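Chemist: In full-length UniProt numbering, the protein residues as written are 1 to 322.
The C-beta atom is built at its ideal place from N, Cα and C for all residues, glycine as well.
Bear in mind that the values here come from a model prediction, so they are computed numbers and not experimental data.
Have a look at this one.
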């Protein structure tokens, strides 16, 4: 019995040691910009659809959209716009394509991406509807400085600053917040803060319900590891390493304080953010809510799979409620 007890204790200690190592490794690769493991290996594991490109109709559509977005991004009415905060320099692209319009949209990109890549085409579609646009690079992304990735939780404070910048430019602006992936989480997490009346509505595409739930899904799908006890340990370590816990970074908790009209979008083929999270997010919000589910669309690809339906739905929602 003593030998059996000793073996059990040794096994438990090994499990705890391995779990601590895995939790620390996961946090380092997930939440620090200067760790390049994600770019080399992790991205393909977590979001394989981005690496299965060919010459399907969807690949051709994406290529055409990227070309349109690139042309729009470099129009004469677009300019670089910077702010400094907390010792960091944050970048955005300011696109005033309709100087007499009071309609504005702030478009927020996804995890380890940047504004131009995710939002240039979206911005061009909003411009067709007479919107002026601000497209920020989130802290620790794109041209913005910083090393800690905020997963939307820290970024909500920067988004509030960008809202103020728009209001400095146009005090009467009527603003839509549009986000994709981590950008959608940023918008949802910002929705629980005290927002000016200028914010008229939210459009969130494939955002996660919480960082804790998203990382749990990634551990299981990409790493084939159980969320417990690794994520429990990671949650306790995160507060010291990055200044926030994974559980407190919750879209659901923030949406419970939201009364703004919100359109929720998700593709059923999403391997990065499970599409079932849309239902948790929708249930949480208090405002007018509608959804768009795009069958088989991978992560942040709904506007590639059904572009006409996608933008018709977005602008019908915005014009009706916002």
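(1) Just to confirm, are residue 225 and residue 234 a CB contact at a threshold of 8 Å?
(2) Please work out which residues of its chain come closer than 7 Å, Cβ to Cβ, to residue 38, disregarding the five sequence neighbours upstream and downstream, and give them in chain order.
(3) Taking residue 304 and residue 62 to be in contact with their CB atoms under 8 Å, please state how far apart those CB atoms are, rounded to whole angstroms.
(4) For a quick check, are the C-beta atoms of residue 280 and residue 209 less than 8 Å apart?
(5) In three-state DSSP terms, what is residue 39?
(6) Which two residues bound the contiguous alpha helix (DSSP H) that contains residue 148?
(7) Can you grab the Cα-Cα spacing for the pair residue 301 / residue 267, in whole Å?
(8) Would you please state the rounded distance, in angstroms, between the beta carbons of residue 151 and residue 211? I believe it to be under 8 Å.
(9) In terms of residues, what are the limits of the alpha helix (DSSP H) holding residue 242?
(10) Measuring only the C-alpha atoms, how far is residue 182 from residue 14?
(11) Output yes or no for whether 8 Å exceeds the beta carbon distance between residue 66 and residue 101.
(12) State the DSSP-derived secondary structure class of residue 115, mapped to helix, strand or coil.
(13) Who are residue 142's beta bridge partners in DSSP?
(14) Report yes if the C-beta distance between residue 207 and residue 238 is below 8 Å; otherwise report no.
(15) Apart from the five residues just before and just after residue 273, which ones in its own chain have a Cβ nearer than 8 Å to its Cβ?
(16) When burial is assigned at 16 or more other CB atoms within 10 Å of the CB, is residue 75 buried or exposed?
(17) For residue 190, which residues in the same chain have their Cβ closer than 6 Å to its Cβ, ignoring the five residues on either side in sequence?
(18) Check whether the Cβ atoms of residue 244 and residue 154 lie closer than 8 Å to each other.
(19) Taking just the CA atoms, how far does residue 120 sit from residue 166?
(20) Between which residues of its own chain and residue 127 is the CB-CB distance below 6 Å, once the five residues before and five after are set aside?
(21) Which residues in the same chain have their Cβ closer than 8 Å to the Cβ of residue 89, if we skip the five residues on either side of it in sequence?
(22) Can you pull the DSSP bridge partners for residue 93?
(23) Return the chain-ordered list of same chain residues with a C-beta closer than 7 Å to the C-beta of residue 162, the five sequence neighbours on each side being excluded.
(24) Give the straight-line distance between the Cα atoms of residue 186 and residue 259, rounded to the nearest whole angstrom.
Modeler: This is what the structure holds:
(1) no
(2) 29 and 112
(3) 5 Å
(4) yes
(5) helix
(6) Element bounds for residue 148: n/a, residue is neither H nor E.
(7) 7 Å
(8) 5 Å
(9) 230-242
(10) 34 Å
(11) no
(12) helix
(13) Answer is none; residue 142 lacks a bridge partner.
(14) no
(15) 181, 206, 207, 208, 214, 217, 266 and 299
(16) exposed
(17) 156 and 159
(18) yes
(19) 18 Å
(20) 97
(21) 82, 83, 144 and 145
(22) 80 and 135
(23) 92, 106, 134 and 136
(24) 16 Å
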